[in-house]
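Right, one structure below, let's go through it.
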Amino acid sequence: MAKGKRSGAEGTGTPGRQRLGNQILNSLPAPAMEALSPAVEYADTRRGESLFEPGDEVTHACFPLGPTVIAFVLPMRDGRMVEAATIGREGAVGGVVSLGLKPAFARAAVRIAGPVARVPIARLEDAKRATPRVHDIFSRYADCLTAQVLQSVGCAALHPLEARCARWLLMTHDRLQEPVLPLTQESLAEMFGVARTYMTRIARLLEERGAISRRRGAMCIEARSVLEEISCECYGRVRRHFERVLPGLYPRAEP
């Protein structure tokens with residue numbers, strides 16, 4: 010991870026924070042963001058990079074900016090992986106719930122590369138104690154993240170891969186806010202824990218229905234409404250919970 014520390018957004022201080030591209034940071038009260046700004050580090054991530062591994066002490070909370078997407082992944086002894094949750098511009102990874110330094114349970118893996126904002130957990134805890142609204146925002150986000158994890162468990166157990174893939178493409182479209190998604194069939198196969206040939210077949214089915222088109226190193230959303238028809242109810246349930254608990258936090262791409 011390439012790091013570069015500066016305060017504010019593009020060196021402009023609090024007025025520029027609306028350009029950060031992270032919904033939680035943008036929702037913090039101005040005095041709290043001003044207090045955090047000197048401690049914020051900005052860094053670029055690479056696809057496949059691990060921000061922390063199971064057992065690591067988590068020292069910073071990472072806030073994906075703009076198109077960056079990070080996944081909580083559970084590595085298994087046989088080499089396979091299970092994805093538990095996906096976090097984009099609506100959230101944060103590391104130190105969101107617990108107080109102080111705690112060991113990580115899952116791997117935080119970068120799915121779509123881009124910038125992140127890193128905040129020392131100690132400074133974040135100071136902000137929570139100093140400003141009840143900050144504590145409330147992070148507590149509500151933790152509830153939403155837990156809901157996403159629980160829904161993912163049910164989705165993986167009960168729903169066909171085509172519906173799960175459509176759901177993930179919709180979520181990624183929301184976070185990137187553009188129709189071209191830098192996703193390969195190989196990366197999707199790894200994420201869902203299936204053979205690449207199986208993932209290729211699913212992608213072909215989605216393409217035949219007019220939902221997506223494929224190009225080298227990317228998938229393009231051609232008909233979002235078709236993806237919504239194919240997707241299981243899990244996409245809508247998580248979105249609705251976000252809207253009830255933290256209205257306006259979860260982004261939505263234009264059809």
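Counting with my numbering, you get residues 10 to 264 for the letters of the sequence shown.
We put the beta carbon where it would ideally sit given N, CA and C, even for glycine.
With the rule of 3 Cβ pairs closer than 8 Å, the segment 163-183 counts as touching the segment 225-236. Exposed is the label assigned to residue 112, since fewer than 16 other Cβ atoms lie within 10 Å of its Cβ. Each of 37, 83, 245 was checked against the Cα of residue 115, and the nearest Cα belongs to 83. Contact between residue 226 and residue 193 holds: CB atoms are separated by about 6 Å, below the 8 Å threshold. Nearest in C-alpha terms to residue 248, of all of 157, 222, 239, is 157. Within its own chain, the residues whose Cβ lies closer than 6 Å to the Cβ of residue 31, once the five positions on either side in sequence are excluded, are 72, 74, 98, listed in chain order. Per DSSP, reduced to three states, the secondary structure at residue 168 is coil, with no helix or strand assignment. In this structure, 101 is the residue among 171, 172, 101, 127 with its C-alpha nearest to the C-alpha of residue 146. Counting along the chain, residue 200 sits inside the alpha helix (DSSP H) bounded by residues 194-201.
Closest by C-alpha distance to residue 167, out of 242, 105, 189, is 242. Judged by their CB atoms, residue 130 and residue 69 are nearer to each other than the 9 Å cut-off. Measuring C-alpha to C-alpha distances from residue 239 to each of 51, 150, 217, 257 identifies 217 as the nearest. Within its own chain, the residues whose Cβ lies closer than 8 Å to the Cβ of residue 139, once the five positions on either side in sequence are excluded, are 41, 44, listed in chain order.
The beta carbon of residue 59 lies closer than 6 Å to those of 116, 118 in the same chain, with the five residues before and after it left out.
The residues 92, 95, 118, 120, in chain order, have a CB closer than 6 Å to that of residue 80 in the same chain once the five nearest residues on each side in sequence are set aside. Counting along the chain, the unbroken beta strand (DSSP E) around residue 228 starts and ends at 227-230.
Residue 36 and residue 46 have their alpha carbons spaced roughly 14 Å apart. Excluding five sequence positions before and after residue 205, the CB atoms of its chain that fall closer than 8 Å to its own CB belong to 194, 195, 198, given in chain order. Here the C-alpha atom of residue 105 lies approximately 17 Å from the C-alpha atom of residue 259.
Secondary structure note for residue 42: its alpha helix (DSSP H) is the uninterrupted segment 39-45.
Taken through DSSP and simplified to helix, strand or coil, residue 153 comes out as helix. The three-state secondary structure of residue 181, taken from DSSP, is helix. Around the C-beta of residue 148, fewer than 16 other C-beta atoms lie within 10 Å, and the residue is accordingly described as exposed.
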